[in-house]
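**Student:**
Protein chains: 2
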Amino acid sequence: MNIHDIAKISGYSSSTVSRVINNRNYVSKKARQDIQKVIHDFDYVPNDVARDLSKGKTHNIGVVLPHTDHPYYTQLVEGIMSAAFPAGYRIVMLPSKFNAEIEMDYLNRLRRKAYDAIIFTSHGISLNELLEYQQYGSIVICHNPGELNIAAAYTHREESYTEAFKWIKSQNYQHISILLSRAYKISATAQKTFQAYRNTFGSEPDKNLLNTDVTTFKDGYNAAMKLCHNNQPDIYFTNGDDIAAGVRQFYLDNNLPVPRLIGQEDQLSGKILNIPTINHHFHEVGKLACGLAINNEIKQLSVESDFIFRNQKNIEN
Amino acid sequence: MNIHDIAKISGYSSSTVSRVINNRNYVSKKARQDIQKVIHDFDYVPNDVARDLSKGKTHNIGVVLPHTDHPYYTQLVEGIMSAAFPAGYRIVMLPSKFNAEIEMDYLNRLRRKAYDAIIFTSHGISLNELLEYQQYGSIVICHNPGELNIAAAYTHREESYTEAFKWIKSQNYQHISILLSRAYKISATAQKTFQAYRNTFGSEPDKNLLNTDVTTFKDGYNAAMKLCHNNQPDIYFTNGDDIAAGVRQFYLDNNLPVPRLIGQEDQLSGKILNIPTINHHFHEVGKLACGLAINNEIKQLSVESDFIFRNQKNIEN
DNA sequence: TCTTGACGTGGAACGCGTTCCACACTTTAA
DNA sequence: TTAAAGTGTGGAACGCGTTCCACGTCAAGA
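If you're matching them up, the sequences are chains U and S in order. Residue numbers for the first sequence follow this note's numbering, beginning at 276 and rising by one. Residue numbers for the second sequence follow this note's numbering, beginning at 276 and rising by one.
Here it is in structure tokens:
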């Protein structure tokens, strides 16, 4: 049962049926009623895929997510959804594991019109490759693209990072461990972190107290296990409150005094444990990213991160 | 540039081009090479929407989610994705807020072929309404449907709930507060909780220590605020570790002794705070649900929940 | 009375890939 | 040698809704 059947049965053309279905003008009262009756009697509903094909638009937005098994990107996704839903868009989850091949596959799906736009919450492939695919649809990234002409929504991390390190300095911590989610050379975040360190201390971070690929509670736990003996860090600057919580857990489990911690993302674990954190307002970033995706605007929008001080000691002792 | 253009340019028919694109037999080496060259030269990619229309299949699975702003359904979604990805399916996020109209809209999209299957992680509309829509596509729910003939993946909560209440009884707690996510009459989970209570204590739960619509840390906090004076509960049975953490926070903030807590879902907050919990294995449930959705099997699969005992006192004192 | 212009409706092409069927030619088995 | 089976290819219909364009009617303004 399709629109042409309805047309035949009702004695009108498919054009008129289409007008009725889409509630458009230039249909007589009688025709509208006749057609609606047939639609009702035969329990007809139009086919969304045919409509999408015809309109050249799917109202789907692909969202590329490096991880599916931890809450890192949850805030971003929620923000995107909160903007997509009222605008009549749906989001399609695209797990990537930072795998360039998979990411490429998703980009090609954009070419193939599987979705109208694609948001990379993070990406493994180069910005130049992304630039090439802009001609096929709206592409939005979630970090600062610098001079490149690509749509982006992100947080300015510089100031909050510097504020955090200044606080660390003011407290006279000597052995500062930094846990990163991705290696320095491929991660803008890592670079920003180091820059803030340099600006504050005028020196490079201690390489012996560094760990990369730390993204979960468990990773934090394991990183602490590795690092606790190297110069005995007295503070950990981490990529997430959950990670900081993992570090803490290691020390507790081993009856060692828990060092100071700094988290990020203002997660529940940080709230519970009174860990100072940096709120990147990812919900807001997601909203902005989605807006750019929907309107196909190639511009950059950003928000400021906030360093949230909390007195961790309140709970540890 | 479409498949017919490629056909014309290469001098073959669109049937043959289609065979080449889909890597099928019955194409001569020469034809394959000629056509591939044209495809390459003109940088052609097929249109996914047209293909979906033609095949009558989208490889999309809709996932209806009551909430988008808290991590309740995260595990389920992750489980679904982990099964969908290797099978070549993508998931479309459908936020519902338990709104029957919105849920209906999503069901109708199933009729309209917008996705091949739909998974309700939870739902506000009646099972009977869902049953009616089964004719239009694969529908999977995530709770026990009893005798009804509908695909379902869920956890058996009975035993773990009973185990939890037995433990409560063994510890001689007198004032038991129960925090529910949805009202008794509409929530099977609430009913199971009460049943376990009755089985254990032989009586009804104290209505004065009951609260519904508690799903987040903040909700837990507020519920504790309301309930702490009614008979002073000495234990809270909650719907999630995060909620239990919210209860705890209220007591801490007000310098009151923290009562015992029982959480659910084995969330990070529970791990950190040593709150006993009930692991419903939602990741596994999600996987199972997705399998049913993909294979369009109308059957029921379930796993057992586990009560995980932890000695909360370790941390509170 | 003539001209606009709004209103109502249908035809047909368009968006684009897939697939059934027919037909021709080439092997292979009998 | 002949029938059967396999290979290669094209035509056209199919999946299905949208939209441009043409055409006719009728009322309002000139």
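Ideal placement from N, C-alpha and C gives every residue a C-beta, glycine not left out. Here the structure is a predicted model, which is why all the values come from computation and not from measurement.
Closer than 8 angstroms between beta carbons: that is the criterion. Which residues of the stretch 355-372 of chain S meet it against chain U?
**Tutor:** 356, 357, 360, 365, 366, 367, 368, 369, 370
**Student:** Between residue 497 of chain U and chain S, is the shortest Cβ-Cβ distance under 8 angstroms, so that the two count as touching?
**Tutor:** In the first sequence, the residue the question calls residue 497 of chain U occupies position 222. No, residue 497 of chain U lies away from the interface with chain S (no Cβ there is under 8 angstroms from its Cβ).
**Student:** Would you mind working out which of U:480, U:303, U:510, U:520 sits nearest residue 496 of chain U, comparing C-alpha positions?
**Tutor:** Here residue 496 of chain U refers to the residue found at position 221 of the first sequence. Of the listed residues, the one whose Cα sits closest to residue 496 of chain U is U:520.
**Student:** Would you mind stating whether residue 540 of chain U and residue 350 of chain U have Cβ atoms separated by less than 8 angstroms?
**Tutor:** The sequence position of residue 540 of chain U within the first sequence is 265, counting from 1. The sequence position of residue 350 of chain U within the first sequence is 75, counting from 1. Taking 8 angstroms as the Cβ cut-off, residue 540 of chain U and residue 350 of chain U qualify as a contacting pair.
**Student:** Once you ignore the five residues that flank residue 372 of chain S on each side, which residues in its own chain have a CB closer than 8 angstroms to its CB?
**Tutor:** Mapped onto the second sequence, residue 372 of chain S falls at position 97. Closer than 8 angstroms at the Cβ level, and outside the excluded window around residue 372 of chain S, lie 341, 342.
**Student:** Can you give the Cα-Cα distance for residue 292 of chain U and residue 282 of chain U, rounded to whole angstroms?
**Tutor:** Counting from 1 along the first sequence, the entry for residue 292 of chain U is found at position 17. Counting from 1 along the first sequence, the entry for residue 282 of chain U is found at position 7. When rounded, the distance between both Cα atoms is 6 angstroms.
**Student:** Can you find at least 3 beta carbon pairs, one from the stretch 542-555 of chain S and one from the stretch 511-531 of chain S, that sit closer than 8 angstroms?
**Tutor:** Touching, per the Cβ criterion.
**Student:** Kindly indicate which residue of S:460, S:481, S:333 has the alpha-carbon position closest to the one of residue 505 of chain S.
**Tutor:** Walking along the second sequence from the start, residue 505 of chain S turns up at place 230. Closest option to residue 505 of chain S, Cα to Cα, is S:481.
**Student:** How about residue 394 of chain S and residue 314 of chain S: are their beta carbons less than 8 angstroms apart?
**Tutor:** The residue given as residue 394 of chain S occupies position 119 in the second sequence. The residue given as residue 314 of chain S occupies position 39 in the second sequence. Not in contact: residue 394 of chain S and residue 314 of chain S (Cβ atoms no closer than 8 angstroms).
**Student:** Is the stretch 552-565 of chain S touching the stretch 458-476 of chain S in the sense that three or more CB pairs, one from each, lie closer than 8 angstroms?
**Tutor:** Taking one beta carbon from each stretch, the stretch 458-476 of chain S and the stretch 552-565 of chain S have fewer than 3 pairs nearer than 8 angstroms; the two do not touch.
**Student:** Using only CA atoms, which one of U:555, U:514, U:530, U:526 lies nearest to residue 537 of chain U?
**Tutor:** Residue numbering aside, residue 537 of chain U sits at position 262 when the first sequence is read from its first letter. The shortest C-alpha separation from residue 537 of chain U is found at U:514.
**Student:** Hey, is residue 492 of chain U's beta-carbon within less than 8 angstroms of any beta-carbon in chain S?
**Tutor:** What you label residue 492 of chain U is simply residue 217 of the first sequence in a count that begins at 1. So, interface residue.
**Student:** Apart from the five residues on each side of it in sequence, which residues of its chain come closer than 7 angstroms, Cβ to Cβ, to residue 573 of chain S?
**Tutor:** Indexing the second sequence from 1 puts residue 573 of chain S at position 298. Here the set comprises 424, 425, 426.
**Student:** Taking only beta carbons into account, state which residues of the stretch 523-550 of chain U come closer than 9 angstroms to chain S, listed in chain order.
**Tutor:** 523, 524, 527, 542, 543, 544, 546, 547, 548
**Student:** Taking 8 angstroms as the CB-CB cut-off, is residue 328 of chain S touching chain U?
**Tutor:** The residue labelled residue 328 of chain S in the question sits at position 53 within the second sequence. Yes - at least one Cβ of chain U is within 8 angstroms of the one on residue 328 of chain S.
**Student:** Rounded to whole angstroms, what is the Cα-Cα separation between residue 433 of chain U and residue 452 of chain U?
**Tutor:** Along the first sequence, read from residue 1 onward, the residue named residue 433 of chain U stands at position 158. Along the first sequence, read from residue 1 onward, the residue named residue 452 of chain U stands at position 177. Their Cα atoms are separated by approximately 19 angstroms.
**Student:** Can you tell me whether residue 473 of chain U is buried or exposed? The criterion is at least 16 other CB atoms within 10 Å of its CB, across all chains shown.
**Tutor:** As a working mapping, residue 473 of chain U is identified with position 198 in the first sequence. It is exposed - the Cβ of residue 473 of chain U has fewer than 16 other Cβ atoms within 10 Å.
**Student:** Skipping 5 residues on each side, what residues in its chain have a beta carbon closer than 8 angstroms to that of residue 441 of chain U?
**Tutor:** In the first sequence, counting from the first residue as 1, residue 441 of chain U sits at position 166. So the qualifying residues of the chain are 475.
**Student:** Just the C-alpha distance for residue 385 of chain U and residue 276 of chain U, rounded to the nearest angstrom, thanks.
**Tutor:** For the purposes of this step, residue 385 of chain U is taken as residue 110 along the first sequence, with counting starting at 1. For the purposes of this step, residue 276 of chain U is taken as residue 1 along the first sequence, with counting starting at 1. Cα to Cα, the separation comes out at about 31 angstroms.
**Student:** Using a beta-carbon distance cut-off of less than 7 angstroms, what residues from the stretch 305-332 of chain U approach chain S?
**Tutor:** Contacts with chain S (Cβ-Cβ distance below 7 angstroms) from the stretch 305-332 of chain U involve 320, 321, 322, 323, 324, 325, 327, 328, listed in chain order.
**Student:** Nearest CA to the CA of residue 554 of chain S: which residue from S:564, S:527, S:570, S:584?
**Tutor:** To locate residue 554 of chain S, count along the second sequence from 1; it is residue 279. For residue 554 of chain S, the nearest C-alpha among the options comes from S:584.
**Student:** Are at least three pairs of beta-carbons, each pair with one atom in the stretch 324-338 of chain S and one in the stretch 318-326 of chain U, less than 8 angstroms apart?
**Tutor:** yes
**Student:** For residue 581 of chain S, write down the residues that DSSP places opposite it in a beta bridge.
**Tutor:** The residue you call residue 581 of chain S lines up with position 306 of the second sequence. Answer is S:554, bridged to residue 581 of chain S.
**Student:** If you follow the beta strand (DSSP E) that residue 415 of chain S is in, where does it begin and where does it stop?
**Tutor:** Start at 1 with the first residue of the second sequence, and residue 415 of chain S comes out as number 140. Counting along the chain, the beta strand (DSSP E) containing residue 415 of chain S begins and ends at 413-416.
**Student:** Measure the alpha-carbon distance for residue 422 of chain S versus residue 284 of chain U and round it to whole angstroms.
**Tutor:** As a first step, residue 422 of chain S must be located in the second sequence, where it is residue number 147. As a first step, residue 284 of chain U must be located in the first sequence, where it is residue number 9. If you take the alpha carbons of residue 422 of chain S and residue 284 of chain U, they lie about 40 angstroms apart.
**Student:** DSSP state of residue 335 of chain U, grouped into three classes?
**Tutor:** For the purposes of this step, residue 335 of chain U is identified with residue 60 of the first sequence, where counting begins at 1. Correct three-state label for residue 335 of chain U: strand.
**Student:** Give the straight-line distance between the Cα atoms of residue 307 of chain S and residue 383 of chain U, rounded to the nearest whole angstrom.
**Tutor:** In the second sequence, counting from the first residue as 1, residue 307 of chain S sits at position 32. In the first sequence, counting from the first residue as 1, residue 383 of chain U sits at position 108. Distance between the alpha carbons of residue 307 of chain S and residue 383 of chain U: 22 angstroms.
**Student:** Would you mind sorting residue 361 of chain U into buried or exposed? The rule is 16 or more other CB atoms within 10 Å of its CB.
**Tutor:** The sequence position of residue 361 of chain U within the first sequence is 86, counting from 1. So residue 361 of chain U counts as exposed.
**Student:** Could you compute how far the alpha carbon of residue 398 of chain S sits from the alpha carbon of residue 408 of chain U?
**Tutor:** Along the second sequence, one-based indexing puts residue 398 of chain S at 123. Along the first sequence, one-based indexing puts residue 408 of chain U at 133. Cα-Cα distance, rounded: 39 angstroms.
**Student:** Along the chain, where does the beta strand (DSSP E) containing residue 379 of chain U start, and where does it finish?
**Tutor:** As a working mapping, residue 379 of chain U is identified with position 104 in the first sequence. First-last for residue 379 of chain U: 375-386, but that is the alpha helix (DSSP H), not the beta strand (DSSP E).
**Student:** Residues of chain S with CB closer than 7 angstroms to the CB of residue 517 of chain U, please, in chain order.
**Tutor:** The residue labelled residue 517 of chain U in the question sits at position 242 within the first sequence. Residues of chain S passing the Cβ test: 543.
**Student:** Run through the stretch 421-488 of chain S for me and flag every whole beta strand (DSSP E) of 3 or more residues, listed as ranges in chain order.
**Tutor:** List check, beta strand (DSSP E) in window: 426-431, 451-454.
**Student:** Listing by chain order, which chain U residues have their CB less than 7 angstroms from the CB of residue 562 of chain S?
**Tutor:** Stepping through the second sequence from its first residue, residue 562 of chain S is reached at position 287. Neighbours of residue 562 of chain S on chain U: none; closest Cβ ~12 angstroms, over 7 angstroms.
**Student:** Just the chain U side, please: which residues come within less than 7 angstroms of residue 383 of chain S by C-beta, in chain order?
**Tutor:** Walking along the second sequence from the start, residue 383 of chain S turns up at place 108. Correct list: 320.
**Student:** What residues from the stretch 420-442 of chain U come within 7 angstroms of chain S, judged by C-beta to C-beta, listed N to C?
**Tutor:** Taking a C-beta cut-off of 7 angstroms against chain S, none of the residues of the stretch 420-442 of chain U qualify.
**Student:** Closer than 8 angstroms, CB to CB, is residue 389 of chain S near chain U or not?
**Tutor:** Residue numbering aside, residue 389 of chain S sits at position 114 when the second sequence is read from its first letter. Residue 389 of chain S counts as touching chain U.
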